[in-house]
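Right, one structure below, let's go through it.
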Amino acid sequence: MPDEPVRVRIAPSPTGPLHIGTARTALFNYLYARRQGGTFILRIEDTDVARSSIAYEKDILDGLHALGLKWDEGPEVAGQAARGPHAPYRQMERLDTYAAAARRLLEDDKAYWCYCTPEELDAERKRLEAAKLPPRYSGRCANLTAAERAAFEAEGRKPALRFRVGDEKVAFEDLIRGRVEIDTSALGGDFVIARADGSPLYHFTVVVDDAAMEISHVIRGEDHLSNTPKHILLFRALGYPEPRFAHLPLILNADRTKMSKRKSQTAISDYLAEGFVREALVNYLALLGWSTGTEEEILSLDDLERRFDLDHVQKAGAVFDRERLEWLNGQWIRRLTPDDLVDRLRPFLEAERAAGRIDRVPTDDEIVALLPVVQERLPTLGAIGDLVGFLFVDRVDVDPAVLVPKRWDRETAIEGLRAARETIAAIGPISYEADELEPPLRALAEARGWKAGDLFMAIRVAVTGRTATPPLFDTLVALGPERSLERLDRAIERLAAAEVA
RNA sequence: GCCGCAUUCGUCUAGAGGCCCAGGACACCGCCCUCUCAAGGCGGAGAUCACCGGUUCGAAUCCGGUAUGCGGUACCA
């Protein structure tokens with residue numbers, strides 16, 4: 176095949192939020208286009224009017240934008256007109272195109288009107304199933320006479336349009352799986368391409384549009400592999416050139432079934448809301464079913480655009496592994512510049528505030544100051560509240576029981592905290608730095624014969640309310656001398672009061 | 001049921017006849033670092049390459065069959 180221009184597309188249905196699987200397919204199409212110097216097209220397949228919504232369309236466009244997958248043709252904003260030489264790119268706005276194609280098939284007798292009701296078809300299917308036969312349309316309406324049609328019309332029946340399947344073998348060369356051959360007799364008979372209400376169905380619109388938009392490579396999920404012969408038959412019947420096909424392995428639930436909302440978290444927006452960064456999402460998704468062929472695994476979108484190829488796409492399905500995503504997310508968070516990280520953290524801190532988990536949102540300067548101890552501790556951006564939220568609440572809740580280190584008793588804890596309080600107070604606000612705090616507190620522990628770790632733990636719990644925090648002295652500095660002493664005082668009171676209880 | 005696709009450590013994968021009694025990463029375990037938690041470093045455990053036959057001097061890699069899994073089989077996409 177001569178160098179035809181590469182044109183690929185992602186064709187989501189706005190019947191749900193952007194799904195992990197759709198995002199991965201979009202990514203592979205995008206990467207293929209970029210790598211081949213081709214065109215990446217977004218087409219909205221909204222012919223299932225009952226389940227489609229503009230809100231889902233918006234979620235899908237927003238999600239693709241958030242991942243950095245820019246498309247060359249298609250709608251930019253949900254609901255608004257699309258741009259590109261083949262506009263519109265929303266199927267419900269292309270109905271006349273399908274109607275024209277349907278008319279041609281009808282005129283060529285490659286399609287016919289079927290008056291069977293859903294009930295009749297259902298009964299037929301059940302009968303076949305009961306007889307342990309594969310479900311298949313009988314072809315009852317395949318050769319109706321004009322009189323028979325008129326009789327049905329007189330009954331008020333509205334016909335669906337069926338495509339004649341015929342009896343042959345269809346073979347194609349899948350770019351990932353190699354040669355695939357299917358006998359069309361296994362396709363279940365003539366299939367419906369337009370509903371009784373006139374609205375076109377997926378198998379039909381996908382072919383008409385892929386042809387109209389001059390799609391050169393159809394890269395999609397393996398769940399469409401078995402449907403491909405139907406599409407090829409339609410391409411041929413309509414006299415369109417066939418595109419090349421590449422069927423990607425499925426993304427799987429932990430039980431190795433096709434990934435579903437029911438068993439996994441599938442919405443990209445949910446991952447973004449948790450604080451997964453686009454770099455990690457893209458990196459992880461790219462490595463689900465594809466590899467560089469080397470041992471490299473931290474790859475930016477830029478790297479991927481330069482290296483993606485269909486040869487290294489895996490054939491078998493891949494289980495979605497959240498742990499690995501989290502690890503990659505940490506890798507990417509650690510690579511962000513301070514300014515960038517602050518920008519990305521702010522919305523999450525604002526969300527913490529809105530949820531009432533912190534009492535005020537820190538300033539950018541405060542966040543920047545925290546970065547050295549926070550950046551390597553964030554598995555997700557959303558973990559920020561859990562990590563340092565105690566710095567931005569008016570008062571912490573301290574459990575007296577955890578205030579006492581394992582090797583200590585209550586009295587020692589009170590004594591230790593009092594001594595620590597004096598030591599810290601003596602340092603004063605001017606030299607209140609981590610380097611100034613540590614030596615005297617260590618000296619204190621040594622003088623009293625305490626393990627430094629025990630003393631530090633008691634202080635940590637007193638000022639943060641928790642046993643796992645960023646390094647203690649940085650934490651004290653972030654807290655400031657006043658609030659540090661105040662929290663120590665409160666903790667001492669709590670412990671003293673616990674005596675009574 | 002029928003049709004199709006797939007099968008390398010728990011998971012993601014490297015591997016395109018000898019470099020592999022199979023390499024990397026996540027997770028797991030241990031050690032180091034260490035004020036806790038992370039991060040990082042080092043090490044460990046973990047795959048008879050689904051199974052059976054064949055081709056070959058030699059097979060994870062080629063061929064055939066079997067098994068298992070998944071997907072499709074809608075007037076959903």
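Counting the first sequence from 1 gives a position; this note's numbering is that position plus 175. The C-beta atom is built at its ideal place from N, Cα and C for all residues, glycine as well.
Taking its Cβ as the centre, do 16 or more other Cβ atoms sit within 10 Å of residue i, making it buried, or is it exposed?
| i | result |
| --- | --- |
| GLN266 | buried |
| VAL382 | buried |
| LYS405 | buried |
| THR642 | exposed |
| LEU423 | buried |
| ASP234 | buried |
| ASP706 | A query on residue 706 cannot be resolved here, the shown segment of the chain reaching from 176 to 676 and no further. |
| GLU525 | exposed |
| THR320 | exposed |
| ILE473 | exposed |
| LEU616 | buried |
| PRO318 | In the sequence as displayed, the identity of residue 318 is Asn instead of Pro. When all chains shown are included, ASN318 counts as exposed. |
| ILE229 | exposed |
| THR469 | exposed |
Could you spell out the range, first to last residue, of the alpha helix (DSSP H) harbouring residue i?
| i | result |
| --- | --- |
| TYR152 | With the chain running from 176 to 676 in the structure shown, residue 152 is simply not present. |
| HIS378 | 377-387 |
| PHE523 | 513-529 |
| VAL488 | Unbroken run through VAL488: none, as it is neither H nor E. |
| VAL536 | Note, VAL536: premise wrong, no alpha helix (DSSP H); not H, not E. |
| PHE338 | No alpha helix (DSSP H) holds PHE338; the beta strand (DSSP E) holding it covers 335-338. |
| VAL652 | 647-654 |
| ILE185 | It is not in any alpha helix (DSSP H) - ILE185 instead sits in the beta strand (DSSP E) that spans 182-185. |
| ASP561 | 559-563 |
| ILE605 | That residue, ILE605, is in no alpha helix (DSSP H); it is neither H nor E in DSSP. |
| LEU503 | 497-510 |
Using three-state DSSP, classify residue i as helix, strand or coil.
| i | result |
| --- | --- |
| THR214 | strand |
| ASP349 | strand |
| VAL452 | coil |
| LEU308 | coil |
| TRP288 | strand |
| LYS405 | helix |
| VAL675 | Low confidence applies here, because VAL675 scores a pLDDT of 48, under 50, leaving its location unreliable and the question unanswered by this model. |
| ARG582 | coil |
| VAL636 | helix |
| ARG617 | helix |
| LEU427 | strand |
| ARG641 | coil |
| PRO177 | Here PRO177 scores only 49 on pLDDT, less than 50, and its place in the model should not be relied on; the value that follows carries that caveat. Note: PRO177 maps to coil in three-state DSSP. |
| ARG258 | strand |
| LYS301 | helix |
| ALA317 | coil |
| ARG411 | helix |
| PRO358 | One point to set straight first is that residue 358 is Asp, not Pro, in the sequence displayed. The answer is strand: DSSP assigns ASP358 an E or B state. |
| VAL549 | helix |
| VAL494 | strand |
| ARG669 | helix |
| ARG265 | strand |
Short of 6 angstroms in beta carbon distance, which residues of its chain neighbour residue i, apart from the five on each side in sequence? Order them along the chain.
| i | result |
| --- | --- |
| HIS194 | THR441 |
| VAL340 | THR359, LEU362, ASP365 |
| GLY505 | PRO554 |
| PHE631 | LEU647 |
Looking at the ligand GDP, does it come within less than 6 angstroms of residue i, judged from the CB to the closest heavy atom?
| i | result |
| --- | --- |
| ASP610 | Absent from the structure shown: the ligand GDP. Ligands present: none. |
Residues in its own chain within less than 8 angstroms of residue i by CB, not counting five upstream and five downstream?
| i | result |
| --- | --- |
| PRO416 | ALA386, PHE410 |
| VAL181 | TYR207, ALA208, GLN211, GLY212, GLY213, THR214, SER391, HIS392 |
| VAL571 | PHE565, VAL638, THR639, GLY640, ARG662 |
| PHE523 | GLY450, LEU556, GLY557, ILE559, GLY560 |
Going by beta carbon distance, what residues of the same chain come within less than 7 angstroms of residue i, once the five residues before and after it are set aside?
| i | result |
| --- | --- |
| VAL543 | PRO513, VAL517 |
| VAL494 | LEU427, ALA429, ARG431 |
| PRO177 | Bear in mind that the predicted position of PRO177 carries a pLDDT of just 49, short of 50, making it too unreliable to give a figure here. |
| ASP539 | VAL517 |
| ALA198 | GLY238, LEU242, ILE443, LEU460 |
| ARG658 | none |
Hey, could you find the ends of the beta strand (DSSP E) residue i is sitting in?
| i | result |
| --- | --- |
| ALA369 | 366-369 |
| GLY396 | 392-396 |
| LEU423 | 419-423 |
Exercise for review: Jot down the residue ranges of each uninterrupted beta strand (DSSP E) in the region 197-256, minimum 3 residues, whole runs only, in chain order.
Suggested key: For the region 197-256, whole beta strand (DSSP E) runs of length 3 or above, ordered along the chain, are 214-217.
**Study point:** Every unbroken beta strand (DSSP E) inside the region 434-484 [3 residues or more]
**Key:** Within the region 434-484, no run of beta strand (DSSP E) at least 3 residues long lies entirely inside it.
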